[in-house]
Amino acid sequence: MINRQRLVSEFLALVQIDSLSRREGRIAKRLAATLEGLDVAVEVDDAGLKVGGETGNLLAKFPGNARGAAPLLLCAHMDTVVPGENVKPIVSGDVVRTDGTTVLGGDDKAGIVAILEALRVLREDTVPHGPIDVLFTVCEEFGLLGAKHFDVGRLRARTGLVLDVDGVCELVTQAPAANKLDVTVHGLEAHAGVCPEQGISAIKVAGEAIAAMRLGRIDAETTANLGLLEGGMAVNIVPNRVRVRGETRSRSLAKLEEQTQHMRRCFEEAAARHKATAGGREHVARVDAKIERDYDRLDLPDDAPIVRLVQRAAANLGKPLQTRATGGGCDANVLNGRGLAIANLGCGMREIHTVNEWIDVKDIIATAELLVETVRLNAAG
Ligand SMILES: [Zn+2]
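Letter by letter, the sequence shown follows residues 0 to 380 in numbering that gives the first Met the number 0.
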C-alpha cells in the first residue's frame, strides 16, 4: 500500500524547500504540480494578497468514486517557523532530524506528505472514497492568517481533519480560544532630573500592572502571557508611553473572558494610582486597551462523527486512537469557528518549533495508512 521510499523522498524534498510564512511561493508551486499530476485542478485563493505573501491557499477538490459518501476535508499548512531556511535533513535509520541550525519543518510537511501519500494510495489501489477537499494553507504560523482569509464556502466538506500536531494515532479534539491584548499605557513626559514629579512614568505604571497580574499557567485549561513590551525615549526622560502586547487562551470561554478582564483591570487600576500636576493641571495615567478574539476554540465531543470515524479506522488497523486536548491553536480552530467539524490528527512531528525537531518516518507512514482507512470507511458508511 504505502510506498515508503516515495514518502521519504517527498518529505526530504519538501523540507528542503524554504517556506517561511508569506514565502510559500516555491512550495505551493511544487504542491500544485503534484496535485495536478493526480488529475485534479488546483485553485489558489487571494489570501496571499491579503497577507502580503507569495501565494494564497491551495485547494484541490478530488471527486469521489463511491456513491453517497460525504465529502471529507484534509488540511495541512505549507509554512514553517524560523529558523527554517536552508534546512539540511539528516537521515539515520527511520529518524530524520536537522544539523541543529534550523527547525526540520515536519511541522507541517509531515502532514502534507501523509495527505499526498494517502491520495496516491487511494488512486493506485482504487480504494472506494467520497469527495476529498485538500487544503494547503499559508501563514498558519503567522496568526493562522491563511485559514482566516480562506472562504469555507468553497469547500464541499463540512467535516474532516487538519494534520498539524505531534504524536501519532492521536486526535486533538479540544483546543483553546484565544484573545489578543494590545495595551498602551499613557503617562506624562518630564525631565528626569529637573522635574520628575511633573511626569508620570508609563514604565512604572505598566510594571505595577504586570506585577499584580496572574500570568503563565492559570489553570488546567487557561494560560496567559505578555510577550512584547516597548516604550520609553531616553534614560533622562520620564517615559510617557509603553505598549504591552500579550494573549490569553482558555478552553472555557467564561474563564477566557474572566482572565482577559483581569489583565485589562490590572492596567487600569495601576494607571488610576498615578497622577502628576504639570502646568497647573492634574494629569492621570491612562490606558488604551485593544482586545480581540484571535481564534475560536476547538471543542468536538468524543461522539462527533469525525472522531468516531477516525477511531474506527484506527481500531481496524489495530492501533487504538486517543483523543486529547492541547493548549495550542491551529487552522482547525479557525475552521471550527466557521461551523465545520474538524479534528487535528497527529502526524509524527516531534520537538516542533525548536532546532531539535525530528520525526520518525514510521509515524508518517502510520498516519498515511490511517488516512487511507478513514477515507475508505467513510465511503463504506
Ligand atoms: Zn503547525
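All C-beta atoms in this analysis are idealised placements derived from N, C-alpha and C, irrespective of residue type, glycine included.
Here the structure is a predicted model, which is why all the values come from computation and not from measurement.
Next item on the list: Check each residue's C-beta against every heavy atom of ligand 1 and list, in chain order, those closer than 5 Å.
Entry: 106, 107, 163
Notebook entry, point to check: Taking Cβ to Cβ, would you say residue 378 is nearer than 8 Å to residue 117?
Noted result: no
Next item on the list: Return the chain-ordered ranges of every beta strand (DSSP E) run that is complete within the segment 181-252 and spans a minimum of 3 residues.
Entry: 215-218, 221-230, 240-249
Next item on the list: Assign residue 81 to one of three DSSP states: helix, strand, or coil.
Entry: coil
Next item on the list: Tell whether a beta-carbon distance below 8 Å holds between residue 242 and residue 257.
Entry: no
Check: Quick one: Cα of residue 340 to Cα of residue 300, how far?
Finding: 10 Å
Next item on the list: Compute the distance between the beta-carbons of residue 202 and residue 231, then report whether it is under 8 Å.
Entry: yes
Next item on the list: Please go through the same chain and pick out, in chain order, the residues whose beta-carbon is closer than 6 Å to the beta-carbon of residue 318, but skip the five residues on each side of it.
Entry: 168
Note to self: Within a Cβ cutoff of 6 Å, which residues of the same chain sit near residue 11, ignoring the five residues on either side of it in sequence?
What the structure shows: 88
Check: Hey, how far is the Cα of residue 172 from the Cα of residue 249?
Finding: 14 Å
Checklist line | Cut-off 6 Å between Cβ atoms - residues of its own chain near residue 107, not counting five sequence neighbours on either side | finding: 75, 76, 163
Checklist line | Buried/exposed call for residue 314, threshold 16 Cβ in 10 Å | finding: exposed
Margin query: Please report the straight-line C-alpha distance between residue 123 and residue 24, rounded to a whole angstrom.
Written below: 29 Å
Next item on the list: Let me know the beta strand (DSSP E) ranges lying completely inside the segment 136-169, each 3 residues or longer, listed in chain order.
Entry: 158-164
Check: Over what stretch of residues does the alpha helix (DSSP H) that includes residue 291 continue unbroken?
Finding: Unbroken run through residue 291 is the beta strand (DSSP E), 285-294; no alpha helix (DSSP H).
Note to self: Run through the DSSP bridge pairs and tell me what residue 89 is partnered with.
What the structure shows: 96
Item checked: Status (buried if at least 16 other CB within 10 Å, exposed otherwise) for residue 224 -> exposed
Notebook entry, point to check: Taking 7 Å as the cut-off, is the CB of residue 380 close to at least one heavy atom of ligand 3?
Noted result: This structure does not include ligand 3; its bound ligands are ligand 1.
Next item on the list: Check whether the segment 260-268 touches the segment 145-152, taking contact to mean three or more Cβ pairs, one atom from each stretch, closer than 8 Å.
Entry: no
Note to self: Given this structure, state the Cα-to-Cα distance separating residue 255 from residue 321, to the nearest angstrom.
What the structure shows: 26 Å
Next item on the list: Assess, as a yes-or-no matter, whether the segment 176-195 is touched by the segment 271-291 under the definition of 3 or more beta carbon pairs within less than 8 Å.
Entry: yes
Notebook entry, point to check: The beta strand (DSSP E) with residue 31 in it runs from where to where?
Noted result: Premise fails: residue 31 lies in the alpha helix (DSSP H), 24-35, not in any beta strand (DSSP E).
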